[in-house]
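J.: The numbering used here numbers the first residue of the sequence shown as 85 and each following residue consecutively. I'd like to ask you about the structure that follows.
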Amino acid sequence: MQVRPDIASRIIEAVLRISTSNKPISIMEVSQVSLTSMDETRRILGLLEIEESAVLSEEEKGRAIRNALRLGVDASSLARYLDWREFERLATSLLGEAGYEVEWNVRLSYSGRRVQVDVMAYNGSILLIIDCKRWNRPLTPSAELRIREGQEKRLFLLKSLIEYSFSQEGSKIVYIIPATLSLYKSSKPIIDGFIFASLDKLRGALEYV
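Here's what the structure looks like:
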């Protein structure tokens with residue numbers, strides 16, 4: 085039986101609201117908060133892998149959110165329940181599931197210059213540098229421009245660092261791809277060669293890589 089995304093959204097929001105108080109998850113309470121029948125609440129909680137009476141850890145909350153995204157829940161509806169660190173860790177988990185080796189909160193320095201990369205993901209010759217924007221509003225064109233300018237600085241330093249590293253080991257082709265991940269859909273999926281994706285559209289965005 086299929087799940088309506090709007091019902092799944094109400095239930096995961098109720099779960100996240102309850103978990104902010106470190107309260108155990110009650111099917112009855114989730115049912116009441118989400119205005120959903122007990123049977124449907126129980127079924128969807130099972131799909132979200134949330135157990136009755138569980139006090140959700142950060143890992144369990146992240147898993148529930150990933151499952152909710154698979155059920156078609158809009159990521160923007162979850163914005164208020166994620167802090168920036170949880171957002172970056174969630175992005176890391178999603179990329180890991182897509183087959184990437186992932187590091188987050190990476191700090192790099194080369195020739196006196198320093199940059200920070202929220203999430204760095206690599207798979208073979210592909211290296212994604214991801215800027216995570218946990219903003220409670222869609223990205224404006226001016227914000228997108230500032231983000232691209234920041235990513236260009238990271239690209240330049242990474243290119244120099246990789247060229248230096250491989251000059252010691254022999255040649256190797258590495259494709260560095262800048263991407264920005266937010267809670268809201270961007271005006272375009274690709275802007276001047278830079279990928280922009282909302283959290284729930286990340287898997288689709290990776291098809292452009």
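Glycine is no exception: its CB is placed at the ideal position from the N, C-alpha and C atoms.
Taking a contact to mean a Cβ-Cβ separation below 8 Å, would you say residue 155 touches residue 227 in this structure?
T.: no
J.: Whose C-alpha, out of 264, 197, 168 and 141, is nearest the C-alpha of residue 214?
T.: 264
J.: Between residue 144 and residue 138, how many whole angstroms is the CB-CB distance? I'm expecting something under 8 Å.
T.: 7 Å
J.: For residue 189, report the span of its beta strand (DSSP E) as first-last.
T.: 185-194
J.: Under 8 Å between the Cβ atoms of residue 177 and residue 130?
T.: no
J.: Please name the residue in 87, 89, 114 and 191 whose C-alpha comes closest to that of residue 100.
T.: 114
J.: For residue 280, count the other beta carbons within 10 Å of its own beta carbon; 16 or more makes it buried, fewer makes it exposed. Which is it?
T.: buried
J.: Run through DSSP, which three-state label would residue 232 get?
T.: In the structure shown, residue 232 sits in a helix (DSSP, three-state: H, G or I).
J.: Between 287, 94 and 219, which lies nearest to residue 164 when the distance is taken from Cα to Cα?
T.: Nearest option by C-alpha distance: 219.
J.: Does DSSP classify residue 116 as helix, strand or coil?
T.: In the structure shown, residue 116 falls within a helical segment according to DSSP collapsed to helix, strand and coil.
J.: Under a Cβ-count criterion, where at least 16 other Cβ atoms within 10 Å of its own Cβ denotes burial, should residue 119 be classed as buried or exposed?
T.: Classification for residue 119: exposed.
J.: List the endpoints of the continuous alpha helix (DSSP H) containing residue 149.
T.: From DSSP, the alpha helix (DSSP H) with residue 149 extends over 142-154.
J.: Here's a check: name, in chain order, each residue in its chain whose Cβ is nearer than 6 Å to the Cβ of residue 232, leaving out the five neighbours to either side.
T.: 278
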